[in-house]
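2 protein chains.
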Amino acid sequence: MILDSETKAVELPDDHGTELRLWLRLLTCTTLIEGEVRSQLREKFDVTLPRFDLMAQLDKVADGMTLSDLSKRMMVSNGNVTGLVERLVESGHLDRRTSETDRRVQFIRLTKLGRAEFRKMAAEHEKWIADIFADLSPKDIRELMRLLGKAKGSAQRSAKARSA
Amino acid sequence: MILDSETKAVELPDDHGTELRLWLRLLTCTTLIEGEVRSQLREKFDVTLPRFDLMAQLDKVADGMTLSDLSKRMMVSNGNVTGLVERLVESGHLDRRTSETDRRVQFIRLTKLGRAEFRKMAAEHEKWIADIFADLSPKDIRELMRLLGKAKGSAQRSAKARSA
DNA sequence: GCCAATTGCTTGAAGGTTAAAGAAATTGCA
DNA sequence: TGCAATTTCTTTAACCTTCAAGCAATTGGC
Numbered sequence: 224m225i226l227d228s229e230t231k232a233v234e235l236p237d238d239h240g241t242e243l244r245l246w247l248r249l250l251t252c253t254t255l256i257e258g259e260v261r262s263q264l265r266e267k268f269d270v271t272l273p274r275f276d277l278m279a280q281l282d283k284v285a286d287g288m289t290l291s292d293l294s295k296r297m298m299v300s301n302g303n304v305t306g307l308v309e310r311l312v313e314s315g316h317l318d319r320r321t322s323e324t325d326r327r328v329q330f331i332r333l334t335k336l337g338r339a340e341f342r343k344m345a346a347e348h349e350k351w352i353a354d355i356f357a358d359l360s361p362k363d364i365r366e367l368m369r370l371l372g373k374a375k376g377s378a379q380r381s382a383k384a385r386s387a
Numbered sequence: 224m225i226l227d228s229e230t231k232a233v234e235l236p237d238d239h240g241t242e243l244r245l246w247l248r249l250l251t252c253t254t255l256i257e258g259e260v261r262s263q264l265r266e267k268f269d270v271t272l273p274r275f276d277l278m279a280q281l282d283k284v285a286d287g288m289t290l291s292d293l294s295k296r297m298m299v300s301n302g303n304v305t306g307l308v309e310r311l312v313e314s315g316h317l318d319r320r321t322s323e324t325d326r327r328v329q330f331i332r333l334t335k336l337g338r339a340e341f342r343k344m345a346a347e348h349e350k351w352i353a354d355i356f357a358d359l360s361p362k363d364i365r366e367l368m369r370l371l372g373k374a375k376g377s378a379q380r381s382a383k384a385r386s387a
């Protein structure tokens, strides 16, 4: 943004200020909520957000998934998952089993304890989130879902084009 | 979500599924974009996102700011900023000066080199972001800004209520 | 002036994160 | 079959991050 001689706002030929402001707001929102969830999880259940996220992925399936699946779904690196799983196995929340047909592959699943604890946490978590968004009307939520869906698609298109 | 005997969707008394889905979508969007920005910064300028963010805060002011200001603005811990600043001073991008009136306080600012490098990166960064959101119309962007603003307010209200 | 409380920053321990390199196992093709 | 390419996972180094404890300096009430 520049100002002309009469001090009125003038747009540059290809100004991208609005997109940048949108990104910053999106980031602020997410950081704010993530921080809130993180501290609640820590305070109420003494668990970290990454561990909760990992268990959430596993809770969705009955019979476990591989480390690669986890890293894709969580959008984090392979090595990252290795460490997280290690600590969760250690604490008795997870169970690992080497594939019969491919000895590189490990199937990871929640133990009984792990699933029970996760379910308890998830129920609380859902309430926190509901409260965080309590000022939004059902229509606001629908609209936000729609626009974020569009944004996600756009970002994926952009990322794909770059990596191509 | 449960299904009744005729297999129609029925909402539970206090179902918060839509809020949860909204949060997951918000998180996915942010993670996606953040990952893209991170890898571009790394690839094109060999810089990390936290360092870029810190320099972005400093670029907004002419005469520097304190570590506490930085940590509030960046929404990260004090100790985190200490380390980041340390490395950026080391690499010649930042400059630290102890306050005359309060010897606990350090004013941090960009060096000439730091500002020049940041400006170059910021210009590219703005283009990446514009491309990432390129599928959204101006109206979409305005609407998203508005709704995220509302969400941010709601989250702040919620966080404040909890900490009170 | 004194001293307790507060403020600004640093340190240390524990953990999360990535990219890159590498080990182990499998697959596919000649 | 033989072997190169691929896939799955682990390891390592460097960095980011938080929380809690602690140090140094300042402030405020007496």
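Listed in order, the protein sequences are those of chains A and B. Using this note's numbering, read the first sequence as starting at 224 and increasing by one per residue. Using this note's numbering, read the second sequence as starting at 224 and increasing by one per residue. Cβ coordinates follow ideal geometry from the N, Cα and C atoms, glycine included.
**Message:** Using 8 angstroms for Cβ pairs, my map puts A:Leu-336 next to A:Gly-315. What's the rounded Cβ distance?
**Reply:** In the first sequence, counting from the first residue as 1, residue 336 of chain A sits at position 113. In the first sequence, counting from the first residue as 1, residue 315 of chain A sits at position 92. That pair is a contact at about 6 angstroms.
**Request:** Measure the beta-carbon distance from A:His-239 to B:Glu-257 and round it to whole angstroms, keeping in mind my assumption that it falls under 8 angstroms.
**Result:** Here residue 239 of chain A refers to the residue found at position 16 of the first sequence. Here residue 257 of chain B refers to the residue found at position 34 of the second sequence. The Cβ separation is near 18 angstroms, so there is no contact.
**Prompt:** To the nearest angstrom, how far is it from the Cα of A:Val-270 to the Cα of B:Gly-376?
**Reply:** Here the question's residue 270 of chain A lines up with position 47 in the first sequence. Here the question's residue 376 of chain B lines up with position 153 in the second sequence. The alpha-carbon atoms of A:Val-270 and B:Gly-376 are separated by roughly 27 angstroms.
**Prompt:** List, in order along the chain, the chain A residues whose C-beta lies closer than 8 angstroms to that of B:His-239?
**Reply:** Against the second sequence, residue 239 of chain B aligns to sequence position 16. Simply Glu-349, Lys-350, Ile-352, Ala-353.
**Asked** Cβ atoms of A:Val-299 and A:Ile-331: under 7 angstroms apart, would you say?
**Response** Within the first sequence, the letter at position 108 stands for residue 331 of chain A. Within the first sequence, the letter at position 76 stands for residue 299 of chain A. No, the Cβ-Cβ distance between A:Ile-331 and A:Val-299 is not below 7 angstroms.
**Request:** Please classify A:Ala-346: is it buried, with 16 or more other beta-carbons within 10 angstroms of its beta-carbon, or exposed?
**Result:** Taking the first sequence and counting its residues from 1, one reaches residue 346 of chain A at position 123. Exposed: under 16 other Cβ atoms inside 10 Å.
**Asked** In this structure, what does DSSP give as the bridge partners for B:Leu-344?
**Response** The residue given as residue 344 of chain B occupies position 121 in the second sequence. The sequence as given places Met at residue 344 of chain B; Leu does not occur at that position. The partner list for B:Met-344 (beta bridge, DSSP) is empty, contrary to what the question assumes.
**Message:** I'd like to know whether the C-beta of A:Glu-242 is nearer than 7 angstroms to at least one C-beta of chain B.
**Reply:** Here the question's residue 242 of chain A lines up with position 19 in the first sequence. Chain B contact via Cβ: present.
**Message:** What residue range does the beta strand (DSSP E) around A:Asp-318 cover?
**Reply:** Numbered from its first residue, the first sequence carries residue 318 of chain A at position 95. Its beta strand (DSSP E) spans residues 317–321.
**B:Ser-228 in three-state terms, based on DSSP** = One-based indexing of the second sequence puts residue 228 of chain B at position 5. Low per-residue confidence applies at B:Ser-228: pLDDT is 49, beneath 50, and the placement is therefore not dependable, though the value from the model is reported in the following sentence. Annotated three-state conformation of B:Ser-228 is coil, per DSSP.
**Request:** For A:Arg-274, collect the residues of the same chain with a Cβ closer than 7 angstroms to its Cβ; drop the 5 residues on either side in sequence, then sort them by chain order.
**Result:** Your numbering for residue 274 of chain A matches position 51 in the first sequence. Here the set comprises Leu-307, Leu-311.
**Message:** So that I know if they touch, is there some Cβ in chain B lying closer than 7 angstroms to that of A:Glu-313?
**Reply:** Locating residue 313 of chain A in the first sequence gives position 90, counting from the first residue. Nearest CB-CB separation between A:Glu-313 and chain B: not below the 7 angstroms threshold.
**Message:** Contact between the stretch 354–370 of chain A and the stretch 278–285 of chain A is defined here as three or more beta-carbon pairs at a separation below 8 angstroms; is this criterion met?
**Reply:** Segments in contact, no.
**Request:** Would you identify the three-state DSSP class for A:Leu-311, choosing helix, strand or coil?
**Result:** Along the first sequence, read from residue 1 onward, the residue named residue 311 of chain A stands at position 88. Here A:Leu-311 sits in helix by DSSP.
**Asked** For B:Met-288, which beta-bridge partners are listed by DSSP?
**Response** The residue labelled residue 288 of chain B in the question sits at position 65 within the second sequence. BP columns for B:Met-288 point to B:Ile-331.
**Asked** Taking A:Met-344 as the reference, which of A:Thr-241, A:Leu-243, A:Glu-266 has the closest Cα?
**Response** The sequence position of residue 344 of chain A within the first sequence is 121, counting from 1. A check of alpha carbon separations from A:Met-344 across A:Thr-241, A:Leu-243, A:Glu-266 identifies A:Glu-266 as the nearest.
**Request:** Show which residues of chain B have a CB atom less than 8 angstroms away from the CB atom of A:Gln-379.
**Result:** Here residue 379 of chain A refers to the residue found at position 156 when the first sequence is read from its first residue. Ordered by position in chain B, the residues that pass the 8 angstroms Cβ test against A:Gln-379 are Leu-255.
**Request:** Would you kindly check if the distance between the Cβ of A:Leu-371 and the Cβ of B:Arg-342 is under 7 angstroms?
**Result:** Counting from 1 along the second sequence, the entry for residue 342 of chain B is found at position 119. Counting from 1 along the first sequence, the entry for residue 371 of chain A is found at position 148. Not in contact: B:Arg-342 and A:Leu-371 (Cβ atoms no closer than 7 angstroms).
**Contact set for B:Val-304: own chain, Cβ-Cβ below 6 angstroms, skip 5 residues either direction** = Within the second sequence, numbered from 1, the residue matching residue 304 of chain B stands at position 81. Closer than 6 angstroms at the Cβ level, and outside the excluded window around B:Val-304, lie Leu-290, Leu-293, Ser-294.
**Request:** Please look up how many angstroms separate the CB atoms of A:Gln-280 and B:Leu-255, rounded, as I've assumed it's under 8 angstroms.
**Result:** Position 57 of the first sequence, counted from the first residue, corresponds to residue 280 of chain A. Position 32 of the second sequence, counted from the first residue, corresponds to residue 255 of chain B. Actually they are not in contact, since the Cβ atoms of A:Gln-280 and B:Leu-255 sit about 17 angstroms apart, beyond 8 angstroms.
**Proximity of A:Ile-355 and B:Ser-262 at Cβ, strictly below 7 angstroms** = Position 132 of the first sequence holds residue 355 of chain A. Position 39 of the second sequence holds residue 262 of chain B. It is not a contact, given that the beta carbons lie outside the stated cut-off.
**Message:** Is A:Gly-372 a contact residue of the ligand FMN, with contact defined as CB to any heavy atom under 6 angstroms?
**Reply:** Within the structure as shown, the ligand FMN is missing, as the structure has no ligands at all.
**Asked** Would A:Arg-248 count as contacting chain B if we go by Cβ distances under 7 angstroms?
**Response** As a position in the first sequence, residue 248 of chain A is number 25, starting the count at 1. So, interface residue.
**Message:** Given this structure, state the Cα-to-Cα distance separating B:Leu-235 from B:Trp-246, to the nearest angstrom.
**Reply:** In the second sequence, residue 235 of chain B corresponds to position 12, counting from 1. In the second sequence, residue 246 of chain B corresponds to position 23, counting from 1. Because the pLDDT at B:Leu-235 is just 48, under 50, the model does not fix this residue reliably, and the point stays unresolved.
**Asked** Hey, would you say B:Phe-243 sits closer than 7 angstroms to A:Ile-352, going by beta carbons?
**Response** As a position in the second sequence, residue 243 of chain B is number 20, starting the count at 1. As a position in the first sequence, residue 352 of chain A is number 129, starting the count at 1. What sits at residue 243 of chain B in the sequence shown is Leu, not Phe. Yes, they are a contact pair.
**Message:** Is it buried or exposed, A:Ala-374, if we count other Cβ atoms within 10 angstroms and call 16 or more buried?
**Reply:** Stepping through the first sequence from its first residue, residue 374 of chain A is reached at position 151. Result: buried.
**Request:** Quick one: using the 10 Å Cβ neighbour count with 16 as the cut-off for buried, is A:Thr-324 buried or exposed?
**Result:** Walking along the first sequence from the start, residue 324 of chain A turns up at place 101. With fewer than 16 Cβ atoms within 10 Å of its Cβ, A:Thr-324 is classed as exposed.
**Item:** Residues that B:Gly-306 contacts on chain A, provided the C-beta gap is smaller than 7 angstroms
**Value:** The sequence position of residue 306 of chain B within the second sequence is 83, counting from 1. The contacting residues do not exist; B:Gly-306 stays about 19 angstroms from chain A at best.
**Prompt:** Where does B:Lys-373 fall in DSSP's three states?
**Reply:** In the second sequence, the residue the question calls residue 373 of chain B occupies position 150. Correct three-state label for B:Lys-373: helix.
**Prompt:** Is the shortest distance between the beta-carbon of B:Phe-330 and the beta-carbons of chain A less than 7 angstroms?
**Reply:** The sequence position of residue 330 of chain B within the second sequence is 107, counting from 1. It does not; no Cβ of chain A falls within 7 angstroms.
**Request:** Measure how close the beta-carbons of A:Leu-359 and A:Leu-333 come, nearest whole angstrom, since I'm counting them as under 8 angstroms.
**Result:** As a working note, residue 359 of chain A is residue 136 in the first sequence. As a working note, residue 333 of chain A is residue 110 in the first sequence. That pair is no contact at about 32 angstroms.
**Asked** What is the DSSP secondary structure of A:Arg-326, reduced to helix, strand or coil?
**Response** As a working note, residue 326 of chain A is residue 103 in the first sequence. Coil at A:Arg-326, not helix or strand.
**Message:** With a threshold of 7 angstroms between beta-carbons, can B:Leu-235 be considered close to chain A, or not?
**Reply:** Residue mapping note: residue 235 of chain B aligns to position 12 of the second sequence, counting from 1. Summary for B:Leu-235: the model assigns pLDDT 48, below 50, so the residue's position carries little reliability; its value from the coordinates is reported in the next sentence. No, no contact with chain A.
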